[in-house]
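Residue numbers (my numbering): 18 to 231.
The beta carbon of each residue, even a glycine, is placed where N, CA and C say it ideally should be.
Every value quoted in this text rests on a predicted model; they were computed, and no experiment measured them.
Reading through the structure tokens given below for one structure.
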Amino acid sequence: MKYVFYVLGILILTLGISFTIQSDLGTSPFDALLVGLSINAGLTVGSWEIIIALILICFNSFLKRQRPEILGLLTAFITGIGIDMWLFLLHNLITPELWYSKVICFGFGLVVIGLGTATYLHTNFAPIPVDRLTLIIQELTKTNIFFSRTVIYLAFLIMALISNGPIGVGTLLTVCLGGLILNYFMPFTEKVLDSILTDSSTSPNHEKDKKHSI
């Protein structure tokens, strides 16, 4: 059951990313870097997700002074496929032209990103390397998710500017609100998922007990 929420969380996350890209208001600094590299160097946005993930896995390994978390590459691979799939599906369906429709599209994407990230992170199974980096910085600096996420966003913002990625007002909103939204959803998803996972793990035993009593 845990792995169902793991995949579901990534699909929700990548749907949100695709909505922010389609909004044309600017994406998160990390996604802006991926789009910028895709436009200027070729390959799909999802392909760059996987390549950058490989680099971050090595960097995270250096910070933690432990063996590389190769499973993180699996998450990045699923994420890359998810981004390319949603972009393909939404390319002609979601093309907002009026400013308020762009704002709605971006706002929806930003909230969905927070929900998806919190959902799959709670399964504690192979975080995307950039999310693992968020948790590592939180641990090293002894702060919260909001602070560590904002620090990472600022670093990727500089790289996105260099790669001419889609930087806009949405990027600024992501830097300011992305960490807060994730921080809000973390306890919410923890409560909901723990309840569901506990029920699913105890129900077979409950049925077993019923049979024995009969």
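In this structure the segment 154-171 does not touch the segment 88-105; the number of beta carbon pairs closer than 8 Å is below three.
Taking C-alpha positions only, L106 is separated from D48 by approximately 18 Å. Cβ contact annotation for I121 (same chain, cutoff 6 Å, sequence separation greater than five): none. Per DSSP, S118 is one residue of the alpha helix (DSSP H) stretching across W116 to H139. Note that the C-beta distance between T44 and P146 is not below 7 Å.
For A58, the enclosing alpha helix (DSSP H) covers residues P46 to A58. Going by C-alpha positions, L115 is about 30 Å away from W65. Bounds of the alpha helix (DSSP H) holding P146 are P146 to T158. Here A93 carries a helix assignment [DSSP, helix/strand/coil]. At a Cβ-Cβ threshold of 7 Å, F36 and G99 do not count as neighbours.
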